[in-house]
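Novice: Numbering (this note's numbering), first residue to last: 192 to 1010. No residue lacks a Cβ here, since even glycine has one placed at the ideal position from N, Cα and C. Quantities reported herein were computed from a predicted structural model and do not represent experimental measurements. Got a structure for you, written out below as structure tokens; questions coming shortly.
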Amino acid sequence: MESNLKNTVNQLIRLFKHKPTKEYIVLCGFEGDPKKGTGFSKREYFSRIDEIPAQFFASQANLYIWPSTFSEKKVSNDKFSACYALVLDDVVKTIDTRLKKAQIPSDRVKQYLPKPSWVVQTSAQSHQVWYLFSHPLDKAEEIAELETYLKALKLTDRGANKIRTQPFRIPCGTNGKYNPAFSIKARFSENLYDPIKDLLIPLRHAYQNKQNQSIRSKLQHYKPTVESGSDVFKPAPAENPVVESLKERGYYVKSLNDGGHAVKCPWSHLHSDGREEGAVYYEPTQARPLGAFHCPHDHCSERTISDLLNELHIDKCAAKCKSAIILKPNHTAEICNAIDIPLAVSGDFYRDENEQVVKLKHVSADSHIMTIGRMEIHELQYYLSQQVNFIKYQKDIPIERDPSDSLLAKYLNCHNHPNLSVIKGVSYSPVFIKGKGFVVHEGYDPDTKYYGFYKNEDFAFKRTPDRAEAEEALAKLRMLLSEFLFDHDFDEAAALCLILTAVIRRSLPTAPFGLVTAPDSGSGKTYLTELSVRFNSPNPTEKPATHMDTSEKVFSSELFALLLGLPSFIKYDNITIDIKPYASLCAVLTQESYKDRRLGVSVEETVPTNVFMVGSGNNIEPTRDMIRRTLQIRLNTNMENPTTRQFKHTEAMAPVERVERNPAYWQKRVMIIIQAYLNEGVRVPCSRINGFDVWSYLTREPLIWLGLPDPATRMLTAITNNTEKQLLGSVLKALAKVFNGKSFKAVEIVPIIYPEDGKSPSWAAELIEETSLNGSCPSVKSLGRWLARYVDTIADGHRLVIACKKPKSYKIERIGTSS
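Encoded structure:
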């Protein structure tokens, strides 16, 4: 292969022929091994190819160009303007198993793509193939779809699946990886391709066909609980029966792209020229359920797939290449088990802990979000119609039928789906397992029962993290928080602890509620909660902020409804009341699962509780049992009007936007801190908080180890200075003095709180507020509930005990020395 500099420059001009003036072309050149040093950071930006100095192309160095343009002098997804070529790297004639790198066989490229525009030889064995676009590709969703297909069809290695920001070698210069350096060679053609019609659509069809073949293959080898001799389930054929029949009859020629097969026309004897070649059979897809047949000869122009099937004596049910479920009376249980099978092999359907069928839902091709939802009858019917033939025999003739709504309702409500795996939720970062560390497992992990919605390579550790790396990672996290104005230094530590909790919440049996407070609006409370949520779920539109209802019954129903959806987080924004110790909330925070009933349903259901929970509000605080269940963070701008505050960072460099652009990078900083602390092998002493031992071990201790104050300082202070405990102590002390060791009932306290002279004791006002008593109408019932809540509780050297159960009366005991 030969190349000259003038030809190379002309080809680059041709590449960017349709580039607008305001977009930048990016190049870089450097000597030595590209894997060593920082050569890729030495980028140069030009408006036109002819602006580039001739000596740049003449230099014997590694020369790279980005096949994309950018709106500013920066290579990033947010500055991306348009892509002008598709490039495949490391294309080889034969795979060399000795090389520890990805290699793409040239035969695979020929199978899916047309003849390339350029072939650039980068080493003795390896090539880059370029497909120049006839017009730029600038839509993010189309680029994301193209990346998906390239990866699925193994036309790119895992790390190079970045069409917008990946550089490739210019067809000149040298490859400095070798000694002596290898001289780059190139072969050019005049081919230009429409990125949609010529590349994206064919790859889409190839991808769909591969998926269909994969499902058929899985169904062939899947070993479900349905017995092999089942009368109701028939797996999909191992080979397409139409292709099989064409081969048997001598009509088959060869396989083509797009799921097509070149065949000899069965009616060639009727052709005017007698030619057999030119006909094509296309395999079934969603768009063409039976497949398609085309013969270019005029005599066969009106022949369709139905004519071909009749000629081959293949019925339409078999031609669809789907598994079949036979609808038979008195076989409901067996049919329900059979429905599990195509759902299981799809990889998208699971069962939750209540034996309800759920489906993973990908919001869009380029989205970082995946949700889990329970299946409804109409959704199930739609999916099954694409993957399964439901057949009812009438006099030995197979007739396709849609499964009835009643059958599908029985399936969804049978609470028995042995062929579906149990799923506990989606995890956007690796799950930590004691004794194993962080388990990197993209996709469904049967050990943790979570679906890892991330890329394995994003979380691979090159080496075991040490303290130096942990300190560097911490510095980067603190940089994100640099413009938040915290009330104390331990509030910053608590914010970092909140971020650590967000990343590993799926790994923790229990974790406290994160509460961000401030004196005024505009202080950054909502933004800090949003930042923490970005660490937990890269796209928090998965579940928008919700309202914390003041009614315990309503709150509990809403909380359980949210948990049924197996969310990764729940965020409460603008809370206006103190956090009350609702039984449901306390249980969710300190138990690994929670059981309740859905509205309108009498059966109890169980849900996992390892959900990241966070909220914000002005001058609110947790009360009673929520004090030890809440990680408090206090912001304080010390400004009269915080909403007018100016920030140093630009909108593009704001913390939330930075984490959203590359969530795996920031989540990995958290993992480095935790893993480095665990590698140290020495525990850092800190005050114990009952119910949150694992949380303290994996979030509080690593930060204290790195020199930060205890993140739980505000929580521990609130526990020590519990105003409710102080009120209880005042009440018990006063009642002990009034009743002097004698028993009393709740009704006997009312005259003390509301004496005839109107001079209530100092503690009465707080007690009235605490028990929701109304000054004009005292409630003995609410006062009795308040007393019952604190039975056997010790406060200020006194303990309230039950003297008699019926009628209920109480007594005050002195414990030790009263303070």
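Please identify the residue among Ile204, Glu474 and Leu196 whose C-alpha is closest to the C-alpha of Ser374.
Specialist: Of Ile204, Glu474 and Leu196, the residue nearest in Cα terms is Leu196.
Novice: Give the DSSP-derived three-state secondary structure of Ala470 in the structure shown.
Specialist: In this structure, Ala470 counts as strand in the three-state DSSP scheme.
Novice: For Asp682, count neighbouring Cβ atoms within 10 angstroms of its own Cβ and tell me buried if that reaches 16, exposed if not.
Specialist: Per the 10 Å Cβ criterion, buried.
Novice: Pull up the distance between the alpha-carbon of Ser698 and that of Ala515, whole angstroms please.
Specialist: Distance between the alpha carbons of Ser698 and Ala515 is about 40 Å.
Novice: Report the option in Arg479, Val805 and Leu894 whose CA atom is closest to the CA atom of Glu662.
Specialist: Answer by Cα proximity: Leu894.
Novice: Comparing alpha-carbon positions, which option in Gln316, Lys292 and Phe359 lies nearest Tyr322?
Specialist: Of the candidates Gln316, Lys292 and Phe359, the one whose C-alpha sits nearest the C-alpha of Tyr322 is Phe359.
Novice: Spatial neighbours of Asn607 within its chain, please: C-beta separation below 7 Å, excluding the five flanking residues on both sides.
Specialist: Correct list, in chain order: Glu546.
Novice: Do you know offhand how far Arg836's Cα is from Ile216's?
Specialist: Computed Cα separation, rounded: 38 Å.
Novice: Give every residue of the same chain whose Cβ lies closer than 7 Å to the Cβ of Ala556, excluding the five residues on either side of it in the sequence, and list them in chain order.
Specialist: In this prediction, Ala556 has a pLDDT of 46, which is less than 50 and means its spatial position is unreliable; what the coordinates show is noted afterwards. Glu332, Ala335, Glu336 and Thr339, listed in sequence order.
Novice: Give the DSSP-derived three-state secondary structure of Asp787 in the structure shown.
Specialist: In this structure, Asp787 counts as strand in the three-state DSSP scheme.
Novice: Thr356: which of Ser259, His326 and Lys936 sits nearest, CA to CA?
Specialist: Considering only alpha carbons, the answer is Ser259.
Novice: So is Leu290 buried or exposed if we call it buried at 16+ other beta carbons inside 10 Å?
Specialist: The residue in question, Leu290, is exposed, as its Cβ has fewer than 16 Cβ neighbours within 10 Å.
Novice: Drop a sphere of 10 angstroms on the beta-carbon of Asp638, count the other beta-carbons inside from all chains shown, and report buried for 16 or more, exposed for fewer.
Specialist: Its Cβ having fewer than 16 others within 10 Å, Asp638 is exposed.
Novice: Between which residues of its own chain and Thr1011 is the CB-CB distance below 6 Å, once the five residues before and five after are set aside?
Specialist: No answer is possible for residue 1011: it lies beyond the span of the chain, which begins at 192 and ends at 1010.
Novice: How about the segment 921-934 and the segment 979-997: do they share at least three Cβ pairs that are nearer than 8 Å?
Specialist: With a cut-off of 8 Å, the segment 979-997 and the segment 921-934 count as touching, because enough Cβ pairs lie within range.
Novice: With 16 other CB atoms within 10 Å as the buried threshold, where does His738 fall?
Specialist: The residue is exposed, with fewer than 16 neighbouring Cβ atoms inside 10 Å.
Novice: Please say whether Tyr236 and Lys264 have beta carbons closer to each other than 8 Å?
Specialist: In this structure, Tyr236 lies closer than 8 Å to Lys264 by Cβ.
Novice: Tell me which same chain residues have a C-beta within less than 7 Å of the C-beta of Ala600, skipping the five on either side of it?
Specialist: Answer for Ala600: Ile568, listed in chain order.
Novice: Check the C-beta distance from Tyr303 over to Leu206 and give it rounded, since I have them as a contact under 8 Å.
Specialist: Tyr303 to Leu206, Cβ: 22 Å. No contact.
Novice: Check whether the segment 793-801 and the segment 777-784 are in contact - that is, three or more C-beta pairs closer than 8 Å.
Specialist: With the cut-off at 8 Å, the segment 793-801 and the segment 777-784 touch.
Novice: Report yes if the C-beta distance between Ser712 and Ile766 is below 8 Å; otherwise report no.
Specialist: Cβ atoms of Ser712 and Ile766: not closer than 8 Å.
Novice: Give the straight-line distance between the Cα atoms of Ser1010 and Lys1002, rounded to the nearest whole angstrom.
Specialist: Bear in mind that the predicted position of Ser1010 carries a pLDDT of just 40, short of 50, making it unreliable; the figure below should be weighed with that in mind. For Ser1010 and Lys1002, the distance between alpha carbons rounds to 20 Å.
Novice: Put Ile286 into one of helix, strand or coil per three-state DSSP.
Specialist: In this structure, Ile286 counts as coil in the three-state DSSP scheme.
Novice: Once DSSP output is grouped into helix, strand and coil, what is the label at Lys513?
Specialist: Lys513 falls in the coil class under three-state DSSP.
Novice: Please confirm whether Ser951 and Ile940 have their CB atoms less than 8 Å apart.
Specialist: For Ser951 and Ile940, no; Cβs fall outside 8 Å.
Novice: At the level of alpha carbons, what is the spacing between Asn965 and Ala685?
Specialist: Confidence is the limiting factor: at Asn965 the pLDDT is only 41, short of 50, which leaves the residue's position unreliable, though a coordinate-based value still follows. Approximately 39 Å, taken between the alpha carbons.
Novice: Under 8 Å, do Lys1049 and Glu674 count as touching if we go by C-beta distance?
Specialist: Lying before the first or after the last residue shown, residue 1049 is absent from the chain, which here runs from 192 to 1010.
Novice: Apart from the five residues on each side of it in sequence, which residues of its chain come closer than 6 Å, Cβ to Cβ, to Gly715?
Specialist: The answer, listed in chain order, is Phe675 and Leu826.
Novice: From this set, Leu869, Pro594, Ile768 and Leu341, which residue's C-alpha is nearest Leu391's C-alpha?
Specialist: Of the candidates Leu869, Pro594, Ile768 and Leu341, the one whose C-alpha sits nearest the C-alpha of Leu391 is Leu341.
Novice: Can you check which of these residues, Gln202, Gly220 and Lys368, is closest to Ser308 by C-alpha distance?
Specialist: Nearest of Gln202, Gly220 and Lys368 to Ser308, Cα basis: Gln202.
Novice: Pop quiz: Lys615 and Leu757 are said to be a contact at Cβ under 8 Å. What is the actual Cβ separation, rounded to whole angstroms?
Specialist: With 8 Å as the limit, Lys615 and Leu757 qualify as a contact, their Cβ atoms being about 7 Å apart.
Novice: With contact counted as at least three CB pairs below 8 Å, one residue from each stretch, are the segment 438-450 and the segment 463-473 in contact?
Specialist: Because the criterion of three Cβ pairs below 8 Å is met, the segment 438-450 and the segment 463-473 touch.
Novice: Exposed or buried, Arg815, counting other C-beta atoms within 10 Å across all chains shown (16 or more means buried)?
Specialist: Buried, because 16 or more other Cβ atoms sit within 10 Å of the Cβ of Arg815.
Novice: Rank Val779, Ala845 and Gln917 by C-alpha distance to the C-alpha of Ala955 and give the top, closest one.
Specialist: Here the closest residue by C-alpha is Gln917.
Novice: Taking all protein chains shown into account, decide if Lys859 is buried (16 or more other Cβ within 10 angstroms of its Cβ) or exposed.
Specialist: Buried.
Novice: Look up Ser317 in the DSSP assignment and say whether it is helix, strand or coil.
Specialist: Three-state result, Ser317: coil.
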